[in-house]
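Report on the structure given below.
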Amino acid sequence: MDTTILVISGLMLVLGLAALLAGLSRLRAPASAPQLDAQLRELTRGLDTISGRFAQAIESQSQSQSDLRDAMAKRMEALDQRLGVSLNETAAKTAESLGGLQARLTIIDDAQKNLTDLSGQVVSLQQILANKQARGAWGQAQMETIIRDALPNGAYEFQGKLSNNNRPDCLIRLPGSKTAIVIDSKFPLEAFQLLKAAVTDAEKREAGARVRTDVGKHVKDVAEKYLIAGETQTPAIIFVPSESLYAELHDSFAELIQRAHRSQVVVVSPNILMLAISTVQTMMKDARMREQANLIQREVGLLLNDVRLLSERVGKLQTHLGQADGDIKNILTSTSRVMSRAEKIEKVELTQTESERLSAPGS
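In structure tokens form, the structure reads like this:
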């Protein structure tokens with residue numbers, strides 16, 4: 002399109018020059034023929050020069066446009082390649098990001114399910130703790146699990162009956178002892194719940210008094226029901242299946258712990274109960290080792306008696322062997338004498354035979 006514009010512009014310029022010359026020729030006086038020929042030749046040369054310049058300009062413009070088209074094509078191709086690579090990388094990164102996002106969503110999904118399950122368990126636990134019987138069963142189940150995992154069968158009894166017809170939650174019987182250790186797994190939770198929910202100072206004082214009353218009464222009941230001289234050992238154990246409740250008792254109600262000690266009752270948490278059971282386990286192992294040591298000592302005594310009998314029998318055998326050795330020597334002596342006499346007799350008989358042969362007639 003640019004080349005066409007240039008051509009049209011050149012033609013218009015040529016026509017304008019021709020019109021201008023024609024007008025000048027009309028305005029001037031008539032010229033002679035040679036002058037006109039010269040002017041025409043000059044005009045023709047000018048037109049040829051202008052045409053050559055226009056041709057060069059058109060050719061230069063065409064080459065520039067061709068180079069521009071090639072450069073644009075190369076740039077478009079390079080741009081297409083860069084865009085293709087960039088789009089591929091972007092697609093790969095997007096896919097990777099979507100994959101990571103999917104994995105995280107899956108993890109979040111699982112976590113949400115776990116939270117839902119945990120929420121259900123918390124609600125169930127709250128229901129258990131709200132019900133006295135269920136709470137007692139939960140505490141007893143936790144206590145029984147600890148004891149079953151640590152002690153052998155026969156070393157403990159759940160809900161065993163005492164001579165006063167009371168049934169503690171657990172009796173642990175130590176080897177070599179007729180008395181048993183008593184464990185109670187009940188605990189007064191309501192007072193602690195009131196203490197946790199208390200906001201004002203008055204509510205806290207009231208809840209604290211409730212804790213002191215409930216725990217003190219429970220300690221007294223355990224001491225009166227389960228501590229029997231000659232049948233149960235002191236101290237009796239109150240199992241609190243919560244480390245936080247145990248810590249709260251020691252931190253805020255130390256006088257209750259001291260009162261329990263004076264009543265020959267101790268309050269333990271799950272961790273402390275496991276330590277106590279480990280001590281009982283060590284005592285049972287020591288008792289079994291002592292039993293085995295007594296058995297080994299008895300067996301060693303029997304072995305020594307067998308060795309003594311063996312020594313006596315070996316002595317008797319040695320005596321018999323000595324006697325047999327003497328008899329053998331005597332037999333050998335007798336045999337030697339017999340052999341000697343037999344040789345002498347043989348010589349005597351030989352001498353007599355020769356004398357008889359010499360005295361015979363014709364000899």
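In my numbering, the protein residues as written are 2 to 364. The C-beta atom is built at its ideal place from N, Cα and C for all residues, glycine as well.
Can you list, in chain order, the residues of its chain with a C-beta nearer than 6 Å to that of Q282? Leave out the 5 residues immediately preceding and following it. A151
Spatially closest choice to I184 from Q319, R168, D252, by CA coordinates: Per the Cα distances, R168.
Cross-strand partners of D185 (DSSP beta bridge): I239
Between R299 and L305, what straight-line distance do the alpha-carbon atoms span, to the nearest angstrom? 10 Å
Using a Cβ-Cβ cut-off of 7 Å (strictly less than) and excluding sequence neighbours within five positions of I346, which residues of its own chain qualify? none
How about A224 and V266: are their beta carbons less than 9 Å apart? yes
For D222 and E191, the rounded distance between their alpha carbons: 18 Å
Nearest-angstrom Cα separation, counted from M285 out to I238: 19 Å
Span separating the alpha-carbon of T214 from that of E207: Approximately 11 Å between the Cα atoms of the pair.
Please state the DSSP three-state secondary structure of F254. Look at F254 here: in three-state DSSP terms it is coil, with no helix or strand label.
Taking only the alpha-carbon atoms, compute the straight-line gap between A261 and I108 and give it to the nearest angstrom. Distance between the alpha carbons of A261 and I108: 49 Å.
Does the beta-carbon distance from V301 to L257 come in below 9 Å? no
Looking at A181 and E204, is the spacing between their C-beta atoms short of 9 Å? no
Considering just the uninterrupted stretch of the beta strand (DSSP E) at L172, what are its terminal residues? 171 to 174
In terms of alpha-carbon separation, which member of K179, G217, E60, D287 lies closest to A255? When only C-alpha atoms are compared, the closest one is G217.
So the alpha helix (DSSP H) E232 belongs to, where does it begin and stop? Element bounds for E232: n/a, residue is neither H nor E.
Tell me F159's beta-bridge partners as DSSP assigns them. C171
Looking at the secondary structure, which residues open and close the beta strand (DSSP E) in which V212 lies? Counting along the chain, V212 falls outside any beta strand (DSSP E), though it belongs to the alpha helix (DSSP H) covering 202 to 227.
Please report the Cβ distance between Q143 and P271, rounded to the nearest whole angstrom; I am assuming they are in contact, meaning their Cβ atoms lie under 8 Å. 7 Å
L196, enclosing alpha helix (DSSP H) - first and last residue: From DSSP, the alpha helix (DSSP H) with L196 extends over 190 to 198.
Quick check: the Cα distance between Q66 and L44, rounded to an integer number of angstroms? Q66 and L44: Cα-Cα distance of roughly 32 Å.
Measuring straight from C-alpha to C-alpha, what distance separates D252 and S245? 10 Å
Which residues does DSSP list as the beta-bridge partners of V266? Paired residues: A237.
For S178, the nearest candidate out of E232, S335, A96, E292 (CA to CA): E232
Contact check, F240 vs F188, beta carbons under 9 Å: In terms of Cβ geometry, F240 and F188 form a close pair [threshold 9 Å].
Rounded to the nearest angstrom, what separates L37 and D49 at their Cα positions? Cα to Cα, L37 sits roughly 18 Å from D49.
Would you report the Cα separation of A294 and D287, rounded to the nearest angstrom? 10 Å
Sorted by chain position, which residues of the same chain lie with C-beta nearer than 6 Å to E344's C-beta, five sequence neighbours on each side aside? none
My output table needs one value for E317: the three-state DSSP class, helix, strand or coil. Rather than Glu, the amino acid found at residue 317 in this sequence is Lys. The answer is helix: DSSP assigns K317 an H, G or I state.
Using DSSP with H/G/I as helix, E/B as strand and the rest coil, what is K348? helix
Using the beta-carbon count (16 or more within 10 Å), is S87 buried or exposed? exposed
Thinking C-beta only, is M275 closer than 9 Å to I147? It is a contact, given that the beta carbons lie within the stated cut-off.
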